[in-house]
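Structure first, then comments.
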Amino acid sequence: MIKDKKGTSQIELIVEYFVANPNRDIPHAEVVKWLYSEYKERTGKTFADPDRGIRSLSQKGFLVKVKKGVYRYDPDFVVNRELEDFTEEQRKQIFERDGHKCVICGKGIKDGIELQADHIKPKDLGGTATIENGQTLCAKHNFRKRNLGQTETGKKMFIRLYELSRSNGDTDTMQFCHEILEVFEKNDVNGHVEWKK
Numbered sequence: 233m234i235k236d237k238k239g240t241s242q243i244e245l246i247v248e249y250f251v252a253n254p255n256r257d258i259p260h261a262e263v264v265k266w267l268y269s270e271y272k273e274r275t276g277k278t279f280a281d282p283d284r285g286i287r288s289l290s291q292k293g294f295l296v297k298v299k300k301g302v303y304r305y306d307p308d309f310v311v312n313r314e315l316e317d318f319t320e321e322q323r324k325q326i327f328e329r330d331g332h333k334c335v336i337c338g339k340g341i342k343d344g345i346e347l348q349a350d351h352i353k354p355k356d357l358g359g360t361a362t363i364e365n366g367q368t369l370c371a372k373h374n375f376r377k378r379n380l381g382q383t384e385t386g387k388k389m390f391i392r393l394y395e396l397s398r399s400n401g402d403t404d405t406m407q408f409c410h411e412i413l414e415v416f417e418k419n420d421v422n423g424h425v426e427w428k429k
C-alpha cells in the first residue's frame, strides 16, 4: 500500500476527502481531480487507481453510490450499515410472503433450490433492510442480479446499434445485433430493458 510522506495510504486519502465533505453527492471527476492533485503534492508521485479505491469503499459500505459516477459519504449510513442486513425474522417473512419461491423463476426449496433474501434496492445504493425492500431469489438469480450490471449497458448498446443499422438499411449488422439480443432474452438477462424488434 503506497503511503505519502505523512504516512497516509491512497485509500486513506480517499476517505479523507469524503469525510471532509459529508452528506454531499460528489461526482467521480471531482474526487479524482483532487486525489491526483493532492497525492502529487504530498508525494511527488501519481495516484495509482482512484477508481478502484472509490469502488472498494462503496462495496464495503463506507460510501453510498447515489448513481453511476456519483458517491456520498453519510456518517449515519456507515454507523448503521450492519443494521441494513435482514434479520432472520425478516428473512422468514419475505420467504413466506413470496411463497418460498424465487420471484423470477418460481423455483423453491421443493425443487432443491437455495433461496436468498435480496435487497430490491441494493444496500450500496442506500437500500434498507425492510420487508418491502426484500424479495426472494434463488442463488442463481441473486448472483445474476448482483453481477450483471455491466450487461445492461451492453444490451442498451446493441439495441442502439440495432436501431441505427435498421434506419441505415444495414441488414448484416441488424442480423448480428438481433442474434445477440435474442441471447439476452433467451437467458432472461436484463428483461427490464425493452427491445422493440
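Residue 233 is where the sequence shown starts when you use my numbering, and the numbers rise one by one after that.
For each residue, glycine too, the CB sits at the ideal point set by N, CA and C.
Here the structure is a predicted model, which means the values were calculated and not measured.
Taken atom to atom, the span from the alpha-carbon of K333 to that of E346 is near 10 Å.
Counting the other Cβ atoms within 10 Å of the Cβ of G366 gives 16 or more, which makes it buried. Taking V415 as reference, the option from K387, R323 and I258 with the minimal CA-CA separation is K387. Within the model, the alpha-carbon separation for D350 versus P282 is close to 29 Å.
As the crow flies, the alpha-carbon of E273 is around 43 Å from that of I352. By the neighbour-count criterion, in which a residue is buried when 16 or more other Cβ atoms sit within 10 angstroms of its Cβ, N419 is exposed. Of the candidates L396, T360 and Q242, Q242 places its Cα closest to the Cα of V264.
Three or more Cβ pairs closer than 8 Å define a contact, and the stretch 319-328 falls short of that threshold against the stretch 285-293. In the three-state scheme derived from DSSP, where H, G and I count as helix and E and B as strand, R256 is classed as coil. The Cβ-Cβ distance between Y394 and C370 does not fall below 8 Å. Residue environment: F318 is assigned as buried (16 or more neighbouring CB atoms within 10 Å of its CB, all protein chains considered). Taking the C-beta atoms as reference points, V298 is found no nearer than 8 Å to H260.
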